[in-house]
Structures are given as structure tokens and as C-alpha cells.
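Accompanying notes for the structure given below.
Residue numbers (mature numbering (1 follows the signal peptide of the UniProt record, and there is no 0)): -24 to -1, 1 to 518.
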């Protein structure tokens, strides 16, 4: 944690004075990041990685509920750069969401100061680079948001708290992978799996008899991963900001984009044990190992590497259904999370999204409801603010699958602020898919095989479904979520399979209100970069 540099200082101080007024002087945490290229060797060959302050992965963000995060990002790359915040909801402020639909890229040799508030949030999340195919080069790191003092947490303070970033990886540079996609070709299977940036030797140090928290995030590009520790069981306690029923698992499926917190107790004899991560639902199972090292251990991990599930969908589906909200736990506010009875709220609208894959002009593309997303020449949120016509069309994507041919468009679907809706993700393909919605958590009320029908609601969990921001959809299956649309803005809904996202499997939800009250949405930040057709315009005073 560092002080912000002089660049943009006047604007920053102006912004701070405004946000201090609207956040009742919640604490500030300052970060100063320099983004560079550097040589990395995660799979034993030299690659061009993206480093933050010289680190791969990047530094963790440690914060507490309602903290204001002031993150000054210096782009020392030779191309534009953006960072997005996976799971951090940016209440009433999608201008700093860090996706191209909302935020102008940081030009080379320039900086931008993100001003975020982790309003009414707790839990485990991560950040990542959202432009081009930068995610395949690094630039990601963990985010943890602790509960405020005085808010009870449903487990004792652990002896240690570890960020564990897992993900598939390629030996190719990200520029080679991007070039392959730009030529209309699919990516090959990944070459390996990393644990905290390493394909082997990542170490978690523990002391016998003590309990530790592991915050596990799948920051990879496409593979679902299974996480397990030799001779140890894991107690699940939190999923993307929701305290869960404390269920014991011997291994845990973590789909792309998802984050989990588990507790492990060092209750075995003091030696080293394998930490194992392997791919799921893949023809060739890729496995990597790290080490859980007891203090004073001189005995390396030995014996067979503990096996895990491989292609069994039913096992994973049953585990997902077992993950539920702890209704007796307090959330970031001093009221129980379970006091919000989502199952009793009438639905205003049902939206069904189906994935699409196909060729357009001889090149591989992906989409949602037959629309393959293409970025506009101006961030959509800026087009809204400046009332720039022709950037996109409202409802340029259907709210039901059309099952027609795939076509290109800048897909935006409008939904109304303060309504309660249902979204169903349908997957008619033979792969597991994973979807994320920026700016929101949603209740995962149901998932099953086959095609969704209105009668499928009879099997919904309307009492203690887990609330999260990333959800998987199994092959030839559907997943249903409920969302309270309480966050005005332009929010990215995307596939977490990064090649699919890059080639069009995404859209934007425009959560709209005609209100101009600061209670509903913050105005555009004074320090916003302006690009595209918004270049040269002036933001109004805060």
C-alpha cells in the first residue's frame, strides 16, 4: 500500500473530497501500480509476462467493508491497458468498472486513478486485465475484503490467510494467442496449470494444530479446475462475498472466474503434503502440484498424488447444489444475510441466454442469442452520458434465444432499475460454460440437465441459494439465477472462457433509470479519460 503519485493529484484530491461526502469518511487505502512487461518462466520457457510492480501474479489488495480504494495505475506497456475487478460491485459507479464498454483504456506511458468503494461487501475476489488478450500474460491478483470490526464472522480468526490463484496456462505469448484468434482459429488445449504463477513448487506454510484460510480463485482462460490437498479436508466458508453453510469437501471444483474460501486445519503429522490442481471435463487431464509444508518439516511430499474427479458432471453438479448460504451469518451490514427473502419477490421479467458458436466471414466467432459482440468505437457508458447517438442500439439483442445464424452487433439489453428478474443460461454444447455479471451478485436458484421450462421452477431453491457473481452451466444443461437490479449502470455479462469472450460471447446489461439523483448513480468522475467520439468533451463538475 503506497501513496498516490503527483500525476493527477489535483483531480484526485477533488474526487476524494466528493467521495468523502458520500461515503461518510470511510477509510481510504492507496495503491500505486506500475504495469510493465517482463520475462517469466511459469512452464519452464521464457515468456513475455505482464507484471505489476515487478510481480507475477500482481500484489494482493487487502481491504475492509466500505473502504475506499484509490488505485493509481501507470501503464508502462506499449499498448492500451485496463484493469477490471472481478466480483467487486462498484456501487452506482460503472464508469470505473474497467471494461471497454464503460471505461476508456489507459494509453501507453500514461496513468489513471481508479476510485472504488467496496460498499457493503465482504469476501474473496480478484482483478485482471480486460483488454486484448492480456489476461493470458498475467496482470491479475487477489482481492480480499474483511468484515468491519464488530460484525461477527461465523468462524474463528484463522492463523493465516492465503491467496491461491489457480489457472490454466499456455507456453505461447499472449500476442501469439491473440493473433491466432484474430485469424479466426480456435486455441489449442492449454499446456499446463499454475498455482500462484508457478507450475510446481508453490508452497503454503502451516503450523501443526492451526487452522488457515485459503482464498482460491480460478483466474485461467478456459478450464474448470479441481483443487485438493493430500490427507486434508476443506471446510467451505465463503463464496464470492457470501458466507456459506460450512460443508466439508475432500476436493472442490472451481470453474473459470470463480472464487471460494476454505478453512484447512493442519491436523496431520508434520511433513510436506501435495497441493493438487487438475483440469476437469477435458480429454487430457492436466495436473500440477504445490506443497503444504508443516513448520519444521524435513520430509518431502510422497506417495501417490491424490486423485480427483475427471469428467464426471453429476459429481460436480451435486457439489454445486450443496453450496448454500449460511442464513445465520451476518453479512457486511449488521443484519443477517438471510433477511432478504428473495424467494418471495415477484418476478418482473424472465430472460433466457443461449450460447452460440459458428463462422462469420470464414472466421470462428461466439455469441449470445445469435449475436456476436463487437466493441463500439466509444465506451457505451460514455455514449450514454454524452448522448452520442449511433454508438449502439438499445435492445440490440433478443431476450430469448433465436436459434438463427450468428451475426455481429454491439449487443445491449436494457433492464429497469429496482426490478427483480430471472435469467436462465442455456447450454446446448458439450462443454461446461461459465458466466460472470459485473456489478452484481445474484442468487443461483437452479441448475439441471436438459432444456429449461417454466415447470423447472418447481425445483428451484427459494430459501438459501448461494449469492455470487460467476456461475457455471453444465453440458446440455441450464442454470437459473435471480437478480435484484439495484445497481444503475452499464454492466458487462460475459463468458469467462476468455477466447469466447474475446470473440463475441458477451453483452451489456443497461440497468436504466430516468432519475438523476446521487442516491441512484454517481456522476461521471472528474478524472475520467475520454476516448472515441467522447474525446475532447468535458465532464460536468462533480
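The beta carbon of each residue, even a glycine, is placed where N, CA and C say it ideally should be.
- Between residue 389 and residue 244, the alpha-carbon positions lie close to 53 Å from each other.
- Taking a cut-off of 8 Å for Cβ pairs, the region 370 to 390 and the region 337 to 356 touch, as three or more such pairs fall below it.
- In the pairwise beta carbon analysis, the region 420 to 438 is classified as not touching the region 200 to 208: fewer than three pairs are separated by under 8 Å.
- When DSSP states are grouped into helix, strand and coil, residue 218 belongs to the strand group.
- Counting only residues of its own chain and dropping the five nearest sequence neighbours on each side, residue 162 has a CB closer than 6 Å to the CB of 340.
- Look at residue 307 here: in three-state DSSP terms it is coil, with no helix or strand label.
- The continuous alpha helix (DSSP H) containing residue 362 extends over residues 356 to 362.
- Under DSSP, residue 484 shares a beta bridge with 388, 468.
- Classified as exposed, residue 21 has fewer than 16 neighbouring CB atoms from the shown chains inside 10 Å of its CB.
- By the C-beta density criterion, residue 139 is buried, having at least 16 other C-beta atoms within 10 angstroms.
- Bounds of the alpha helix (DSSP H) holding residue 153 are 150 to 158.
- For the pair residue 224 and residue 11, the Cα-to-Cα distance works out to about 39 Å.
- Residue 254 has 202, 263 as its beta-bridge partners, per DSSP.
- Here the alpha carbons of residue 474 and residue 457 stand approximately 22 Å from one another.
- Under DSSP, no beta-bridge partner is assigned to residue 209.
- Nearest neighbour of residue 112 by Cα position, chosen from 303, 195, 221, 354, turns out to be 195.
- The Cβ atoms of residue 284 and residue 328 lie no closer than 8 Å to each other.
- By alpha-carbon distance to residue 399, the top candidate from 365, 406, 423 is 423.
- For the 8 Å CB-CB criterion, residue 486 and residue 370 form a contact.
- In the three-state DSSP reduction, residue 170 falls in the strand class (E or B).
- One Cα belongs to residue 257, the other to residue 84, and the distance between them is close to 39 Å.
- DSSP, read as helix, strand or coil, puts residue 496 in coil.
- In the same chain as residue 462, and ignoring 5 residues on each side of it, no C-beta atom comes closer than 6 Å to its own.
- Annotation for residue 291: the continuous alpha helix (DSSP H) segment containing it runs 289 to 298.
- Here the C-alpha atom of residue 198 lies approximately 24 Å from the C-alpha atom of residue 56.
- Contact check between the region 483 to 502 and the region 432 to 450: fewer than three CB pairs, one atom from each, fall below 8 Å, which does not count as touching.
- Residue 248 and residue 190 have their C-alpha atoms spaced approximately 17 Å apart.
- Looking at the DSSP output, residue 187 bridges to 241.
- The Cβ atoms of residue 228 and residue 238 lie closer than 8 Å to each other.
- For residue 247, there is no enclosing alpha helix (DSSP H), as DSSP marks it with neither H nor E.
- For residue 112, there is no enclosing alpha helix (DSSP H), as DSSP marks it with neither H nor E.
- With fewer than 16 neighbouring CB atoms inside 10 Å of its own CB, residue 337 falls in the exposed class.
- Counting of Cβ neighbours within 10 angstroms places residue 350 among the exposed residues, the total staying below 16.
- The three-state secondary structure of residue 510, taken from DSSP, is helix.
- Here residue 294 is exposed: its Cβ has fewer than 16 other Cβ atoms, across all protein chains shown, within 10 Å.
- Cβ-Cβ separation between residue 500 and residue 71: approximately 5 Å, consistent with a contact (criterion under 8 Å).
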